[in-house]
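Undergrad:
There are 2 protein chains.
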Amino acid sequence: MGTKAKTAITPSRSEDYAEWYQQVIKASDMADRSPVRGCMVIKPWGYALWENIVRELDDRFKATGVKNAYFPLFIPISFLEREAEHVEGFAKECAVVTHHRLEKGPNGGLTPAGELAEPLVVRPTSETIIGDSFAKWVSSYRDLPLLINQWVNVVRWEMRTRIFLRTSEFLWQEGHTVHASAEDALERTHQMLRLYADFVENCLGMPVIQGRKTASERFPGAVDTLCIEAMMQDRKALQAGTSHFLGQNFAKASDIKFQTAEENEEFAWTTSWGTSTRMIGGLIMIHGDDDGVIMPPRVSPAHLVLLPIFKSDDERAKVMEFTSRLAEELRGIYYHHNRIRVEIDDRNIGGARGWDWIKKGIPLRVEIGPRDIAENAVFVGRRDQAHRQKTSIQRDVFVNTVGDLLDEIQQNIFRRAEASRNENTLEIDDREDFYRFFTPTNVEKPEIHGGFALSHWCGDASCEAKIKEELAVTIRCIPLDNPAEKGRCICCGKPSGERVVFAKAY
Amino acid sequence: MGTKAKTAITPSRSEDYAEWYQQVIKASDMADRSPVRGCMVIKPWGYALWENIVRELDDRFKATGVKNAYFPLFIPISFLEREAEHVEGFAKECAVVTHHRLEKGPNGGLTPAGELAEPLVVRPTSETIIGDSFAKWVSSYRDLPLLINQWVNVVRWEMRTRIFLRTSEFLWQEGHTVHASAEDALERTHQMLRLYADFVENCLGMPVIQGRKTASERFPGAVDTLCIEAMMQDRKALQAGTSHFLGQNFAKASDIKFQTAEENEEFAWTTSWGTSTRMIGGLIMIHGDDDGVIMPPRVSPAHLVLLPIFKSDDERAKVMEFTSRLAEELRGIYYHHNRIRVEIDDRNIGGARGWDWIKKGIPLRVEIGPRDIAENAVFVGRRDQAHRQKTSIQRDVFVNTVGDLLDEIQQNIFRRAEASRNENTLEIDDREDFYRFFTPTNVEKPEIHGGFALSHWCGDASCEAKIKEELAVTIRCIPLDNPAEKGRCICCGKPSGERVVFAKAY
Numbered sequence: 015m016g017t018k019a020k021t022a023i024t025p026s027r028s029e030d031y032a033e034w035y036q037q038v039i040k041a042s043d044m045a046d047r048s049p050v051r052g053c054m055v056i057k058p059w060g061y062a063l064w065e066n067i068v069r070e071l072d073d074r075f076k077a078t079g080v081k082n083a084y085f086p087l088f089i090p091i092s093f094l095e096r097e098a099e100h101v102e103g104f105a106k107e108c109a110v111v112t113h114h115r116l117e118k119g120p121n122g123g124l125t126p127a128g129e130l131a132e133p134l135v136v137r138p139t140s141e142t143i144i145g146d147s148f149a150k151w152v153s154s155y156r157d158l159p160l161l162i163n164q165w166v167n168v169v170r171w172e173m174r175t176r177i178f179l180r181t182s183e184f185l186w187q188e189g190h191t192v193h194a195s196a197e198d199a200l201e202r203t204h205q206m207l208r209l210y211a212d213f214v215e216n217c218l219g220m221p222v223i224q225g226r227k228t229a230s231e232r233f234p235g236a237v238d239t240l241c242i243e244a245m246m247q248d249r250k251a252l253q254a255g256t257s258h259f260l261g262q263n264f265a266k267a268s269d270i271k272f273q274t275a276e277e278n279e280e281f282a283w284t285t286s287w288g289t290s291t292r293m294i295g296g297l298i299m300i301h302g303d304d305d306g307v308i309m310p311p312r313v314s315p316a317h318l319v320l321l322p323i324f325k326s327d328d329e330r331a332k333v334m335e336f337t338s339r340l341a342e343e344l345r346g347i348y349y350h351h352n353r354i355r356v357e358i359d360d361r362n363i364g365g366a367r368g369w370d371w372i373k374k375g376i377p378l379r380v381e382i383g384p385r386d387i388a389e390n391a392v393f394v395g396r397r398d399q400a401h402r403q404k405t406s407i408q409r410d411v412f413v414n415t416v417g418d419l420l421d422e423i424q425q426n427i428f429r430r431a432e433a434s435r436n437e438n439t440l441e442i443d444d445r446e447d448f449y450r451f452f453t454p455t456n457v458e459k460p461e462i463h464g465g466f467a468l469s470h471w472c473g474d475a476s477c478e479a480k481i482k483e484e485l486a487v488t489i490r491c492i493p494l495d496n497p498a499e500k501g502r503c504i505c506c507g508k509p510s511g512e513r514v515v516f517a518k519a520y
Numbered sequence: 015m016g017t018k019a020k021t022a023i024t025p026s027r028s029e030d031y032a033e034w035y036q037q038v039i040k041a042s043d044m045a046d047r048s049p050v051r052g053c054m055v056i057k058p059w060g061y062a063l064w065e066n067i068v069r070e071l072d073d074r075f076k077a078t079g080v081k082n083a084y085f086p087l088f089i090p091i092s093f094l095e096r097e098a099e100h101v102e103g104f105a106k107e108c109a110v111v112t113h114h115r116l117e118k119g120p121n122g123g124l125t126p127a128g129e130l131a132e133p134l135v136v137r138p139t140s141e142t143i144i145g146d147s148f149a150k151w152v153s154s155y156r157d158l159p160l161l162i163n164q165w166v167n168v169v170r171w172e173m174r175t176r177i178f179l180r181t182s183e184f185l186w187q188e189g190h191t192v193h194a195s196a197e198d199a200l201e202r203t204h205q206m207l208r209l210y211a212d213f214v215e216n217c218l219g220m221p222v223i224q225g226r227k228t229a230s231e232r233f234p235g236a237v238d239t240l241c242i243e244a245m246m247q248d249r250k251a252l253q254a255g256t257s258h259f260l261g262q263n264f265a266k267a268s269d270i271k272f273q274t275a276e277e278n279e280e281f282a283w284t285t286s287w288g289t290s291t292r293m294i295g296g297l298i299m300i301h302g303d304d305d306g307v308i309m310p311p312r313v314s315p316a317h318l319v320l321l322p323i324f325k326s327d328d329e330r331a332k333v334m335e336f337t338s339r340l341a342e343e344l345r346g347i348y349y350h351h352n353r354i355r356v357e358i359d360d361r362n363i364g365g366a367r368g369w370d371w372i373k374k375g376i377p378l379r380v381e382i383g384p385r386d387i388a389e390n391a392v393f394v395g396r397r398d399q400a401h402r403q404k405t406s407i408q409r410d411v412f413v414n415t416v417g418d419l420l421d422e423i424q425q426n427i428f429r430r431a432e433a434s435r436n437e438n439t440l441e442i443d444d445r446e447d448f449y450r451f452f453t454p455t456n457v458e459k460p461e462i463h464g465g466f467a468l469s470h471w472c473g474d475a476s477c478e479a480k481i482k483e484e485l486a487v488t489i490r491c492i493p494l495d496n497p498a499e500k501g502r503c504i505c506c507g508k509p510s511g512e513r514v515v516f517a518k519a520y
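Laid out in structure tokens, this is it:
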């Protein structure tokens with residue numbers, strides 16, 4: 015075994031993936047734990063990434079006719095209770111507001127006062143409170159489809175939390191639509207899943223499988239839940255977005271009725287679909303390396319950083335002028351439909367400066383010293399390549415090809431993730447092979463396990479439950495483009511008509 | 015008295031301004047009450063306005079070096095208690111989370127369970143929770159200034175609520191900055207006030223007075239509160255934004271210290287500043303007329319609506335083709351730094367359609383019928399003019415001048431508001447005149463009162479309190495550009511060095 019390469023993050027991914035994840039976030043300055051249990055602070059570098067994600071998704075939603083709105087943070091308990099499965103699914107983990115002021119208590123400290131007649135739940139999701147509005151907004155088939163989205167914070171009182179991946183409060187968007195027929199609602203459910211897949215693959219660089227959840231993994235109250243599933247570098251699955259066909263369940267719960275063209279009154283058909291700050295956790299886990307985060311150019315808070323290098327004041331003046339002019343020119347260039355986002359870091363702190371930006375995952379680092387200027391060149395490092403591997407590029411060539419460079423990085427990280435996923439996806443038909451695939455063999459690296467097993471399943475919830483109990487492995491989804499294929503259930507051996515995706519999951 | 019003009023809103027402003035306000039909002043489809051006490055639902059037409067406001071302000075913040083971040087929704091009670099005046103100011107009206115799940119109660123319904131060791135307050139403002147992060151982020155003068163903003167929802171449990179103006183939950187931005195000196199912090203406090211004034215005047219078309227609050231009207235915990243105050247059509251004042259110089263109060267409460275260049279440890283100096291969805295209420299009240307909302311073009315959800323007119327299918331085809339082409343061309347034009355936002359309303363519902371858009375306040379209504387097309391013209395109605403006053407404009411002239419038309423409307427509504435404010439602003443030096451100015455004389459129109467009284471005040475809180483008690487009139491602000499002038503306090507007659515702005519207020 016050779017000597018260990020110097021890397022920016024300790025521990026490395028192979029040493030301790032879970033701890034590496036925490037350290038990568040810390041080193042990138044994207045987010046922080048907060049003093050409030052399970053809640054995170056999203057710092058400027060992390061929030062700028064979220065802003066870019068929001069803008070990209072929001073544009074795509076609006077292009078399909080969706081409009082944004084805003085509904086109350088609080089949901090009366092009685093609303094939640096209107097849909098039996100729904101309340102069952104969320105009652106165990108919701109923040110409950112019971113009072114509306116604070117008063118000096120007997121010991122001098124403040125205590126809750128002004129008890130509410132009906133406690134309010136901080137929204138874990140908004141089907142019931144939005145349904146109440148929809149019931150008022152919809153009266154005729156002419157009002158349909160109704161296509162609404164909101165970008166908000168939600169709270170689910172998680173017991174074990176992890177920044178971005180699972181926090182008590184997180185940011186998300188929730189789309190809610192109402193339709194005149196099951197077909198229209200189903201088509202919208204699929205349309206939004208395709209939109210998510212397209213965004214996550216092309217902007218976040220994460221290859222995903224589009225599929226359908228089994229009954230046990232459905233959104234509480236949904237008839238059907240579609241999802242996109244990505245494989246992280248520890249070969250676990252991450253659900254990166256869901257789109258639910260709610261049938262008439264929530265229309266009945268909220269009394270959303272409409273008059274048809276034939277003047278009959280019918281319950282409407284609804285959908286809901288969401289993505290959240292969890293995608294950021296996925297992005298970090300799928301692309302990051304032992305030097306830190308790798309930002310996909312399409313959503314990176316900045317596309318490149320200019321790093322002026324100088325020793326004397328005289329050099330400084332020359333280098334800074336070259337740098338400012340280059341920055342100005344770059345900022346005028348479009349990369350896809352956004353202008354190039356340029357940072358300038360003129361701190362005189364030597365090599366630590368370059369490492370800071372590597373850890374932050376900025377796609378391009380552009381060093382500019384007196385020697386580069388003499389050659390009218392810049393010295394460029396790419397985040398998808400080793401940190402020492404830098405190239406001198408003529409200044410004007412760089413300006414003209416910066417978009418191509420960014421696209422190359424975007425494609426490279428996607429292909430890398432895809433190759434890794436394909437490598438770790440196996441068709442498994444033998445029960446023993448299946449158990450071996452999901453059983454850690456390397457005692458020193460207990461986190462390394464199989465990946466995605468494409469195996470047959472009879473459709474019985476008890477087989478699913480057994481595998482979950484014995485291996486902590488779940489059916490991530492039944493792929494939408496699944497070929498029909500005869501086989502035998504990996505658990506009980508009964509006949510099955512298609513393979514499903516089994517994996518451990520976040 | 016002549017016959018009453020037909021208007022879209024009942025009652026008119028002069029009949030019942032408060033009820034007119036509710037009806038205008040309803041007719042414009044901007045927002046709705048919600049089943050949750052004091053919370054509103056912001057509907058797509060209202061939310062699109064908010065999105066435009068956010069984008070304009072956010073760009074301006076960022077241009078001054080501010081970065082966005084996100085901090086927890088929940089604040090532990092103990093954090094709030096760190097600043098004595100602050101907690102005193104907010105304890106009476108905050109939503110308190112005391113439990114983290116729901117359980118079946120004895121009567122079968124759900125009741126709160128899982129009591130928290132320390133109750134959490136839903137943020138009414140975030141100085142204390144953000145201060146906790148800042149204490150970790152700041153260690154040296156090199157870390158300063160720290161310029162952070164967040165766009166979030168906040169909750170203040172108001173007893174008497176009114177859509178947009180005073181709701182238990184509202185949307186806002188809160189900026190929080192940390193500086194190495196009082197001078198820097200004060201300069202930032204003023205800079206942000208100027209930024210607000212510029213935005214509110216130029217984008218919302220609301221003339222404002224920039225001033226300083228008296229001690230009794232300060233933000234709880236602030237050393238100084240600056241504000242912008244606008245006059246509504248009922249001559250009451252509306253505070254449209256505030257910027258607070260917090261001195262070292264919150265730095266001491268949250269332990270935000272830094273090492274100076276001379277290696278001394280000192281407490282930092284902080285500011286905070288905010289604007290909210292309340293601005294939308296102001297915008298409606300200041301510009302709206304008896305036909306509905308009037309949207310300022312710079313932030314209007316849409317700049318214009320195309321209204322195709324046709325009788326036969328044959329006509330329809332021709333008119334729609336002309337309409338689509340015009341829409342496409344208009345959408346390619348920039349108005350300030352945004353593209354023209356075009357709606358097409360092809361509902362075949364006659365005159366009701368035009369009224370719908372008038373009530374929504376869209377700046378331009380563009381009718382397109384077969385006769386217009388024959389003349390290659392469009393028939394344009396402006397929202398700042400009477401609804402019958404429409405003009406035929408050659409199509410290409412319209413395309414080339416649409417930005418000018420919008421700017422004209424923007425300036426007109428600003429000037430109208432400014433003239434009305436100036437008309438209703440009086441220098442008053444006599445106590446009896448002052449009391450008469452603020453005492454309703456017309457029994458049938460009790461809401462009509464004076465406006466802004468520029469009067470002398472000795473600086474004594476008891477005079478301020480007496481006037482507030484007797485007239486429900488407060489000192490809105492001490493104008494920043496106030497000329498020094500000797501006079502006598504309007505209340506007690508003692509000497510005073512400057513006039514202040516007295517008014518009734520929202």
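Residue numbers (this note's numbering), protein chains in the order written: chain Z, 15 to 520; chain Y, 15 to 520.
Virtual Cβ for every residue (Gly too), placed ideally from N, Cα, C.
All of these numbers come straight from a predicted model, not from anything done at the bench.
1. On the DSSP letters alone, give me the boundaries of the alpha helix (DSSP H) that D46/Y sits inside.
2. Closer than 9 Å, Cβ to any Cβ of chain Y: which residues of the stretch 101-116 of chain Z, in chain order?
3. Using a beta-carbon distance below 8 Å, is E499/Z in contact with chain Y?
4. At a Cβ threshold of 8 Å, is F448/Z touching chain Y?
5. Note down, in chain order, every chain Y residue with its Cβ under 9 Å from the Cβ of I177/Z.
6. Please compile the residues from chain Z whose C-beta is within a distance smaller than 8 Å of the C-beta of E183/Y.
7. In angstroms with no decimal places, state the Cα-to-Cα distance between E117/Z and I489/Y.
8. Per DSSP, what kind of secondary structure is A400/Y in: helix, strand or coil?
9. Would you check if the distance between the CB atom of H13/Y and the CB atom of A131/Y is smaller than 8 Å?
10. What first and last residue would you give for the beta strand (DSSP E) that runs through M54/Z?
11. Give the interface partners of P58/Z over in chain Y, defined as CB-CB distance under 9 Å, in chain order.
12. Going by Cα to Cα distance, which pick from Y348/Y, I298/Y, A254/Y, N82/Y is closest to Q36/Y?
13. Is there a Cβ from chain Z that is less than 8 Å from the Cβ of P133/Y?
14. What does a CB cutoff of less than 8 Å around G119/Y pick up in its chain, not counting 5 residues either side in sequence?
15. Chain Z partners of Y61/Y, CB-CB under 9 Å?
16. Check each candidate in F428/Y, V394/Y, S434/Y, Q399/Y and name the one with the smallest Cα separation from T415/Y.
17. In chain order, what residues of the same chain lie with their CB nearer than 8 Å to the CB of P497/Y, ignoring the 5 residues before and after it?
18. On the criterion of 16 or more Cβ atoms from any shown chain inside 10 Å, does I144/Y qualify as buried, or is it exposed?
19. For K20/Z and D43/Z, which I take to be in contact (beta-carbon distance under 8 Å), what is that distance rounded to the nearest angstrom?
20. My assumption, with CB atoms under 8 Å, is that P493/Z sits in contact with G225/Z. Please give the rounded CB distance.
21. Which runs of the beta strand (DSSP E) fall wholly inside the stretch 416-455 of chain Y and span at least 3 residues, in chain order?
22. In three-state terms, what does DSSP make of E512/Y?
23. Give me, in chain order, the residues of the same chain whose beta-carbon lies closer than 8 Å to that of T274/Y; leave out the 5 immediate sequence neighbours on both sides.
24. What is the C-beta distance between F93/Y and T142/Y, in whole angstroms, given that I count them as a contact (C-beta under 8 Å)?
25. Tell me, please, whether the CB atom of L124/Y is closer than 8 Å to any CB atom in chain Z?
26. Where do the ends of the beta strand (DSSP E) carrying S469/Y lie?
27. According to the neighbour-count rule (16 or more other Cβ atoms, all chains shown, within 10 Å of its Cβ), is F516/Y buried or exposed?
28. Check whether the stretch 381-388 of chain Y and the stretch 318-331 of chain Y touch, using three or more Cβ-Cβ pairs below 8 Å as the test.
29. Between I89/Y and V50/Z, what straight-line distance do the alpha-carbon atoms span, to the nearest angstrom?
TA: Looking at the coordinates:
1. Note, D46/Y: premise wrong, no alpha helix (DSSP H); beta strand (DSSP E) at 45-47.
2. V101, F104, A105, K106, E107, C108, A109, V110, V111, T112, H113, H114, R115, L116
3. no
4. no
5. What I177/Z touches in chain Y: nothing, since even the nearest Cβ is about 12 Å away.
6. P86, L87, F88
7. 30 Å
8. coil
9. Because chain Y here runs from 15 to 520, residue 13/Y falls outside it and cannot be looked at.
10. 54-56
11. K81, N82, A83, I162
12. I298/Y
13. yes
14. T125
15. K81, N82, A83, Y84, Q164
16. V394/Y
17. E512
18. buried
19. Contact flag wrong, Cβ pair sits at about 21 Å.
20. 5 Å
21. 439-441
22. coil
23. Y155, A194, E280
24. 4 Å
25. yes
26. 466-470
27. buried
28. yes
29. 7 Å
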